[in-house]
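Everything on this sheet refers to the single structure shown next.
Residue numbers (our numbering), protein chains in the order written: chain A, 1 to 669; chain B, 1 to 78.
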C-alpha cells in the first residue's frame, strides 16, 4: 500500500502519517518519507525540528515543552555531491518531519508519552514512521539510551542525533561517535541544533538510512519477563556507554551544580524564585513605560489627526465612518499596540528564563507548595506557562500522569495571570498607583499565586480528598547561556501569536462593540448618533451593573468591559477606549485621556474609594474566566462538565474576592 | 531488614551505591530510566527546598522528592 493509499484509507489506529493530534503545520506531501523526531525530554528535539523545517514550535529548556505533535517539511539537501551524478541522492529530498512529545521510554507515564509510543510503534508496520531520529544528550547518555534500546528491539529504522556536545565537553565527557554507532547498530551523528551545526551530516545519514532496510531488531533473551528484559536493556546500555564514552573530569560537579546549590536551596531557593519573578515584572514595566507613552502619543495625536483630516477631505468627516475608524479602530487597536513593547519585553524575559534552564529548578522549589494543594511538582510547569497564555498551559497538563491531577491543574490554570491580563493590570496600575505601578502589578501576580493555593486547598479538601500524589522526579537540564537566535525566535512566536489573536479578536470586538453602541434603544435617535448609555450596549451593561455594586465598580463602563473580557482579555482596553472615546467626546475622547476617564468612573462608582475599587476590579479580572479560547481548550482536555464547573468556580471566586477586597479596603482608603 | 542508609540521611558529595529501592513501581521505573537502580553508582549533590535531594547519576542531575528519599537506601561505595 502506498503512502497516498494509506492516507486515503481510514485506519483507526494513530499514525504519524495521518495523525490528528497535531499542533499545526504541514508535511512535505503524501509521497514524502516520514521521519519522526523522538527522544528524552529536553534533548533538543524541538530546536532541531525548528532548525530543519524553519517552523516555530515552542521550545524550552525544561521537560515537557512539547505536548502536541508538530509536522513540518524538511528539504533535505542532496547527499551525493559527485559531479554530473544523476542518482536520486544528487537531488534534494522533501521529508515530512514529525516532532513527538519527549519520552524517556516506550513505557508511558503520561498521555504525551503514550502518544509518542502509539505513533512510533502502536500501529501496523506500514503506519510507522519510515525512520525515527532519536535525539540523545551526549552529557547524559545513559538517561537517553533506554528509549533507543527499546526502539532497537522493534526493528525500526533509526538515526541517533547526538546533541549537547558542548555541555558534555564542559563536563569532561568525550563521546566516541564511531564506537557509539558500532555499539548501537544504527548511525549516530553529532549535531548542535541550537547553532545549526551538523545538520548536513544528519541529512546524509537520514537519506542513507532511508535507502537501506531497517537493521535487524536487537536480540533479547527469549521468555524474559519484564524485569529480566529491563535488566538486559540496562546491561546493554551500560556496555554501550562504557565502550563509547570517556570521562576525563576529576570533579563531576559542574558550574550548574554549584549554581543549583543556591537556586534550589531550602530557604534561599524560594526567595530567589520570588526575586526573579519580581525583577521580571519590574524590569518589564519600567523599561516599557516610555515606549508605551511614545506610541500612545503617536496614536492619539498624529495618527488620529491625519485620519480625521483625510476623512474630512473625502467628505466622510463627522460621520459614522469617522466614529468607527477613529473612536473604534484607532482608539482600540492603537491602544493595544501601545502594549507591544511591554509584551515583547515580557516574552524576552520569559524566553531567557526558559532557555537558561531555570524553570525546571522553579518546579523543584515550588514542589512542596504544589503538594499542599494536592498536585505534584511537575504541575508547576503548566501553571507557569499559564502566566504567558492559559491555552497552551491547559494543553501542557498532559505531562501529568494522573488524570485527576490533570483536571485539577486545568481548573487552576485560569487563575494564572496571563499576559493579556497584564496589559490591563499595567494600565490600572499606572492610573491608580503611579510610581508603584510595577509593585501593584507584581502584587497581582502574588495574588494569583494565593488564589491558586486557596482554590487548590479547597478542592483538595473536598472533591480531591485523599487523592495520592506521585513523588517528584524531574531531571535538571544544564544551565545554558541563552542564544540570541533562540530567544528571538521564541519571543517572536509568542508575540506573533498574541498579535494574531489580539488583532483578530479586537477587530471583531471593536466592530461589534461599535455596532452595539450605535444602535439606539430610544425612539427618535438615529443609528450612530446615540449616547452610549442609551445604546443597546449601554443598556445591556447597565442591566448587569448592580451585580458589581458590592465590589465598588458598578458603572456600566466597567461592567461592559468585563463582558467583552470574557471573549478575550486582549479586548478589554480597546473596548474601554472605545466606550470612553464615544461616550465623552466633549472631553476630548482621545485615548490619552482614558486614564482620567477611568479614574473618574471608579471615584463615582465606589463612592469616593477608587483605590479599593480598582484593586477589586483587578482581582475580579484576574480570577474570572480568561477567554473563550481557554474555555474551548478546557472543554477539549477535561470535558464539558468540568469546564462548566471551572467557569462557575472562577466567577464565584472572582466576585467573592472582589467584594471582600473592596469592603475591607474602603475602611482604610 | 533495611540495609544501607536512606537518601534523606545520606552524605552529600560522597560516591554511593543504591542498595534498595522500596518505592512504587512508577517512580522506580522513572528513576531507573535515568540510570538510578539497585546496584548503580551515584552521589547526592544537594538538598532542595521542600526536603528533596538532587542526585547525580550517569551524568543526569535528577531532583528527587522528599517522599521517596527514605525508600531509597544507599551505601558508601568502596
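By construction, the Cβ of each residue, glycine as well, lies at the ideal position given by its N, Cα and C atoms.
Note that the structure is a prediction, hence the values are computed from the model and not measured.
Here's a check: name, in chain order, each residue in its chain whose Cβ is nearer than 8 Å to the Cβ of residue i, leaving out the five neighbours to either side.
i	result
residue 647 of chain A	625 and 631
residue 27 of chain B	68
residue 125 of chain A	none
residue 678 of chain A	Past the edges of chain A, shown from 1 to 669, lies residue 678 of chain A, and the structure says nothing about it.
So for residue i, helix, strand or coil by DSSP?
i	result
residue 106 of chain A	coil
residue 474 of chain A	strand
residue 606 of chain A	coil
residue 17 of chain B	strand
residue 98 of chain A	strand
residue 452 of chain A	helix
residue 216 of chain A	coil
residue 7 of chain B	helix
residue 370 of chain A	helix
residue 195 of chain A	helix
residue 163 of chain A	strand
residue 61 of chain A	Residue confidence for residue 61 of chain A is low, a pLDDT of 49 falling below 50, so the modelled location carries little weight; the figure read from the coordinates is stated next. Three-state result, residue 61 of chain A: coil.
residue 555 of chain A	coil
residue 586 of chain A	Note that residue 586 of chain A scores a pLDDT of 41, beneath 50, so its modelled location is shaky; the value from the coordinates is reported in the next line. Residue 586 of chain A falls in the helix class under three-state DSSP.
residue 485 of chain A	helix
residue 12 of chain B	strand
Can you tell me whether residue i is buried or exposed? The criterion is at least 16 other CB atoms within 10 Å of its CB, across all chains shown.
i	result
residue 405 of chain A	buried
residue 235 of chain A	exposed
residue 127 of chain A	buried
residue 529 of chain A	exposed
residue 262 of chain A	exposed
residue 290 of chain A	exposed
residue 500 of chain A	exposed
residue 557 of chain A	buried
residue 109 of chain A	buried
Looking at the unbroken beta strand (DSSP E) that takes in residue i, where does it start and where does it end?
i	result
residue 329 of chain A	Segment: none, residue 329 of chain A is in no beta strand (DSSP E) and carries neither H nor E.
residue 400 of chain A	Segment: none, residue 400 of chain A is in no beta strand (DSSP E) and carries neither H nor E.
residue 56 of chain B	53-57
residue 551 of chain A	Counting along the chain, residue 551 of chain A falls outside any beta strand (DSSP E), and DSSP gives it neither H nor E.
residue 524 of chain A	Careful: residue 524 of chain A lies outside any beta strand (DSSP E) and carries neither H nor E.
residue 75 of chain B	72-76
residue 377 of chain A	Taken as a continuous stretch (DSSP letters only), residue 377 of chain A belongs to no beta strand (DSSP E), as it is neither H nor E.
Terminal residues of the continuous alpha helix (DSSP H) containing residue i?
i	result
residue 42 of chain B	Here residue 42 of chain B belongs to no alpha helix (DSSP H); instead the beta strand (DSSP E) covers 41-47.
residue 344 of chain A	340-356
residue 144 of chain A	141-154
residue 37 of chain A	Counting along the chain, residue 37 of chain A falls outside any alpha helix (DSSP H), though it belongs to the beta strand (DSSP E) covering 34-39.
residue 232 of chain A	226-244
residue 135 of chain A	Element bounds for residue 135 of chain A: not the alpha helix (DSSP H) but the beta strand (DSSP E), 131-137.
residue 30 of chain B	25-34
residue 394 of chain A	390-395
residue 46 of chain A	45-53
To the nearest whole angstrom, what separates the beta carbons of residue i and residue j, a pair I think is in contact under 8 Å?
i	j	result
residue 35 of chain B	residue 143 of chain A	6 Å
residue 134 of chain A	residue 115 of chain A	Not quite, the Cβ-Cβ distance comes to about 16 Å (not below 8 Å), so this is no contact.
residue 75 of chain B	residue 19 of chain B	5 Å
residue 472 of chain A	residue 63 of chain B	6 Å
residue 555 of chain A	residue 601 of chain A	5 Å
residue 338 of chain A	residue 299 of chain A	7 Å
residue 425 of chain A	residue 618 of chain A	6 Å
residue 487 of chain A	residue 351 of chain A	5 Å
residue 491 of chain A	residue 194 of chain A	About 16 Å separates the two Cβ atoms, so there is no contact after all.
residue 508 of chain A	residue 575 of chain A	Their Cβ separation, rounded to whole angstroms, is 12 Å, which puts residue 508 of chain A and residue 575 of chain A out of contact at 8 Å.
residue 218 of chain A	residue 185 of chain A	7 Å
residue 165 of chain A	residue 149 of chain A	So it is not a contact: roughly 22 Å between Cβ atoms.
residue 138 of chain A	residue 202 of chain A	So it is not a contact: roughly 14 Å between Cβ atoms.
residue 288 of chain A	residue 375 of chain A	Residue 288 of chain A to residue 375 of chain A, Cβ: 33 Å. No contact.
residue 449 of chain A	residue 371 of chain A	That belief does not hold up - the Cβ atoms of residue 449 of chain A and residue 371 of chain A are roughly 15 Å apart, past 8 Å.
Excluding the five sequence neighbours on either side, which residues of its own chain have a C-beta within less than 6 Å of the C-beta of residue i, listed in chain order?
i	result
residue 246 of chain A	174
residue 651 of chain A	624
residue 561 of chain A	572, 575 and 576
residue 8 of chain A	For residue 8 of chain A, the predicted model reports a pLDDT of 32, less than 50, meaning its position is unreliable and no value from the coordinates is stated.
Quick one: what's got a C-beta closer than 7 Å to residue i's C-beta in the same chain, skipping five residues either side?
i	result
residue 643 of chain A	631, 634 and 635
residue 146 of chain A	104, 105, 233 and 237
residue 77 of chain B	15, 16, 17 and 41
residue 391 of chain A	629, 630 and 633
residue 93 of chain A	76 and 207
residue 19 of chain A	Caution is warranted here: a pLDDT of 47 is assigned to residue 19 of chain A, below 50, making its placement in the model unreliable, and the coordinate value is therefore given only provisionally. These residues qualify, in order along the chain: 69 and 119.
Could you check if residue i belongs to the surroundings of the ligand GTP, using beta carbon to heavy atom distance under 7 Å?
i	result
residue 198 of chain A	The ligand GTP is not part of the structure shown, which contains no ligands of any sort.
Residue i CB to nearest chain C CB: under 8 Å?
i	result
residue 25 of chain B	The displayed structure is made up of protein chains A and B, and chain C is not among them.
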